[in-house]
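For the sequence shown, the residue numbers in our numbering are 1 to 680. Every residue, glycine too, gets a C-beta built ideally from N, C-alpha and C.
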Amino acid sequence: MPAVGYGLPALTPPHRPLVAAVDRFRHSARHRALSGVSGGCQLECGRSRPCRTCRSRPGVHRCLRVVDRRARPQGTAHRQSPGFSQAELVSAYTLCPARRHGSADGVTHDALSRRRPMVLAIRDDRRADVRPLLGGARGDVGAVRASRHEALASPYGAAGARGLMKYQVRDHAPLLAVSSVLCIALLIGARLLWPPPPEPGVDLADIPYYQLPFGPDDAGLPRPFWPSRMQTENGRFADPAKIQSAADCAICHPREFEEWAPSLHAIAGRDTVYERAVEANEDLHKDGIEKARFCEGCHAPGEVLAGRTNRFKSVMPSDAETEGISCVMCHTATHADPVEGNGALTLAINEGTDRLSNPLLLAAPRDHARAFGAKETNALIAKGDFCGGCHTETYDTSMSKVEGRQHVQTTHAEWRDSWYAGNGVTCQDCHMAPDPAAYVRQIRSGDLAKPERYAHNFVGANYLMFNTGLGSNLTFLRGGILPGLSDARNTELIARQGEATRALLRSAAGLALRGSEVAPGRLRFGIAVQNLGAGHNLPTGVIDQKYMWLEVVVRDATGAEIYHSGAFDATRGETDPDAVIWREDFIDADGERIPDHLTFITAAISHVRTGVPPKGEDVVRYDVAVTSDATGPFRVEARLWYRVATQEFAYNTLKTDLVIPPFELTAAEFALPATDEARQ
């Protein structure tokens with residue numbers, strides 16, 4: 001903005017008020033040079049004239065300029081300025097001592113001799129005290145002719161603005177009072193008469209043929225999502241048209257989307273293994289589809305919340321409903337019950353998605369942050385209890401043959417009772433660290449500092465879903481490619497996630513020799529399986545499918561194998577039945593083992609061997625016979641293997657001969673002393 005006069009901004013008509021600027025400065029050589037007349041005043045009109053102020057108070061010069069226009073002293077003709085009519089021009093007044101233009105009490109003030117500029121609007125002849133106009137700042141008072149309609153500005157900032165408001169309100173108080181009463185009355189009337197906005201979400205009655213075979217709860221209220229314990233904040237179904245997919249969130253959060261996309265959370269409801277297992281269970285009962293809400297509540301919450309776990313599906317699935325555990329499913333959670341489990345989360349999904357639109361995001365980004373909580377706005381999302389809402393699983397009569405209540409997955413309880421929870425290390429710290437394996441090593445070294453940032457990778461233990469060596473079979477197992485990703489980018493992200501998954505698995509366990517004894521014809525020793533890096537048991541989760549076993553080979557000095565336990569048949573995909581194995585078995589009503597995760601007919605749970613607790617170990621004892629031709633020293637080779645599913649499960653659910661390969665968690669070799677007594 002160009003300057004006019006001494007540092008005063010040019011005000012562009014008609015968008016700026018008509019103002020006059022009072023510049024005060026000492027009568028000096030600089031003034032004389034500017035004025036062109038010794039002891040005189042150079043006005044903007046170009047006319048030189050001795051200053052009355054200078055004559056009355058030597059050494060002090062004050063003059064008044066009209067910004068954006070030219071003016072002559074009082075009583076002279078005005079020069080028309082561009083953009084202003086003759087009627088808008090005003091006279092330029094020379095401020096003199098208060099005896100000429102004084103305050104109402106006729107007192108002379110020293111304010112006029114200050115060296116600070118004032119900007120005043122002058123239009124009529126009404127006299128006003130400057131004190132209320134300038135807020136009384138620093139005692140600068142005087143009398144000027146002030147405008148009733150023009151804005152008045154001052155270098156005194158907010159104080160001057162407050163003073164101006166007092167001046168304006170005083171003159172219009174009656175009108176303002178009446179207007180205020182009328183406005184308040186109109187607002188109250190509008191609030192009373194305006195219909196309330198519809199409650200977000202979909203009512204149960206609006207979903208055709210939705211079945212509730214399990215009856216109401218103890219309070220007599222319907223349980224639309226049962227046997228899943230998931231519920232919404234307002235008790236209504238989610239509106240399928242408003243549930244945002246992760247691809248929508250990727251517009252503003254691309255990094256988080258690409259971290260999440262290859263994870264198991266992203267495909268929890270669409271991977272082929274899960275879908276086939278659910279279908280097999282649904283076929284076991286007349287209310288199988290309704291019972292499947294137990295599974296879908298954690299694996300496909302969008303399907304459950306939108307009312308699609310129903311025999312009659314009136315709405316086609318959106319991207320959000322096929323994405324498994326997507327952004328909105330975690331970021332709208334307000335409550336979790338890790339003891340109850342089975343999806344015991346309360347989601348404010350209707351309230352959150354009702355505020356999702358680009359204009360609202362731009363207008364109120366903090367409201368969006370609160371509705372879709374991050375750890376800064378929702379403490380729950382950073383707690384291990386939040387994960388426990390789904391990573392605690394129990395069976396009861398509503399969805400199985402179990403009498404009473406049977407714990408199946410106790411991952412949260414394992415962590416809750418561990419050293420990790422006691423020292424403030426949460427599930428998120430390890431599984432959402434940018435490099436989970438590196439963070440586990442950091443914890444093992446004694447450094448408990450939190451990650452600098454949390455990634456949405458959710459690195460876990462399912463190495464199979466990241467085995468790019470499976471080629472097209474991997475795409476089949478993962479249920480296709482998520483919306484928002486190309487085939488090439490999807491393969492790249494899966495490979496990166498696979499590396500992180502394998503590194504995390506290798507950081508979890510260790511092996512150690514625990515005592516050895518050499519007796520005539522016998523070798524006795526113990527192998528300790530150590531849980532070094534997991535904050536829960538090894539293995540954990542629903543371990544009727546996921547299991548761990550120990551392979552041990554004993555060799556003599558020539559390298560000949562004299563003992564082998566825990567071998568894996570890579571052709572048939574079968575594990576040595578005599579191997580030491582950490583697994584639980586589902587048992588049906590006839591006492592037979594259920595090999596293919598048929599939850600709805602499970603009557604009991606039997607633990608073959610309980611998982612190794614955090615920072616604990618499980619010692620396996622071996623007693624090996626040594627033949628007479630074996631010579632020492634003897635060498636023990638131990639390998640700890642992990643597998644995500646049994647071969648029977650693959651056959652029965654996938655209907656394929658694809659062998660589920662195992663993953664080697666850790667391996668070690670130990671030497672045993674050589675003695676003649678060990679030979680028969």
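By the CB criterion at 7 Å, Tyr210 and Gly307 fall inside the cutoff.
Of the candidates Tyr651, Pro338, Asn281 and Ala570, the residue whose Cα lies closest to the Cα of Cys427 is Pro338. With fewer than 16 other Cβ atoms inside 10 Å of its own Cβ, Ala173 counts as exposed. Under DSSP, Gln406 forms a beta bridge with Tyr395. Spatial neighbours of Pro595 in its own chain (CB-CB distance under 8 Å, excluding positions within 5 residues in sequence) are listed in chain order as Thr646, Glu648, Phe649 and Asn652.
Here Lys291 is buried, its C-beta having at least 16 other C-beta atoms within 10 Å.
Straight-line spacing of the CA atoms in Glu376 and Val608 works out to 43 Å. Val626 has its alpha-carbon roughly 40 Å from the corresponding atom of Glu414. Secondary structure in the segment 320 to 374: the alpha helix (DSSP H) runs of 4 residues or longer, each lying completely within the stretch, are 327 to 331, 349 to 353, 358 to 363 and 365 to 371 in chain order. Taking all protein chains shown into account, Asp206 has fewer than 16 neighbouring C-beta atoms within 10 Å of its C-beta and is therefore exposed. Counting C-beta pairs closer than 8 Å gives three or more between the segment 499 to 512 and the segment 526 to 536, which meets the contact rule. By the neighbour-count criterion, in which 16 or more other beta carbons inside 10 Å mark a residue as buried, Ser418 falls on the buried side. A direct Cα-Cα distance of roughly 13 Å separates Gly446 from Lys615. Within its own chain, the residues whose Cβ lies closer than 6 Å to the Cβ of Leu347, once the five positions on either side in sequence are excluded, are Thr232, Thr332 and Ala333, listed in chain order. Per the C-alpha coordinates, the member of Val580, Glu321, Asp588 and Gly215 positioned closest to Ala266 is Glu321. For the 7 Å CB-CB criterion, Ile581 and Tyr547 form a contact.
Ser565: member of the beta strand (DSSP E) spanning Glu561 to Ser565, first to last residue. Here Trp226 is buried: its Cβ has 16 or more other Cβ atoms, across all protein chains shown, within 10 Å.
Residue nearest to Ala630 within the set His564, Gly591, Ser606 and Ala560 is Ala560 (criterion: CA-CA distance).
Under the three-state reduction of DSSP, Thr468 is assigned to helix. Between the C-alpha atoms of Leu482 and Glu340 there is a straight-line separation of about 32 Å. Contact between the segment 212 to 220 and the segment 246 to 259 is absent: fewer than three C-beta pairs spanning the two stretches fall below 8 Å.
In this structure, Gly526 and Val425 do not form a Cβ contact; the two beta carbons are roughly 29 Å apart against a cut-off of 8 Å. Of all alpha-carbon atoms in Gly498, Glu517, Asn423 and Arg635, the one lying nearest the alpha-carbon of Gly384 is that of Asn423. One thing to note: Val552 has its Cβ no nearer than 7 Å to the Cβ of Ala667.
As a beta-bridge residue in DSSP terms, Gly526 pairs with Arg621. Bridge partners of Ile581 according to DSSP: Trp549. In its chain, beyond the 5 residues on either side, His299, Ala300 and Gly324 have a beta carbon closer than 6 Å to the beta carbon of Gly269. Annotation: Thr666 is outside any alpha helix (DSSP H); the continuous beta strand (DSSP E) that includes it extends over Phe663 to Leu672. Between Arg478 and Asp271, the alpha-carbon positions lie close to 4 Å from each other. For the segment 405 to 463, the continuous beta strand (DSSP E) assignments of 3+ residues that do not extend past its boundaries occur at 406 to 409, in sequence order. In the three-state reduction of the DSSP assignment, Trp641 falls in the strand class.
Out of Arg311, Ala603 and Ser180, the CA that lies nearest to the CA of Ile289 is found in Arg311.
Burial is judged here by how many other beta carbons sit within 10 angstroms of a residue's own beta carbon; Lys286 has fewer than 16 and is exposed.
Counting C-beta pairs closer than 8 Å gives fewer than three between the segment 362 to 374 and the segment 567 to 584, which falls short of the contact rule. For His299, the enclosing alpha helix (DSSP H) has its first and last residue at Arg293 to His299.
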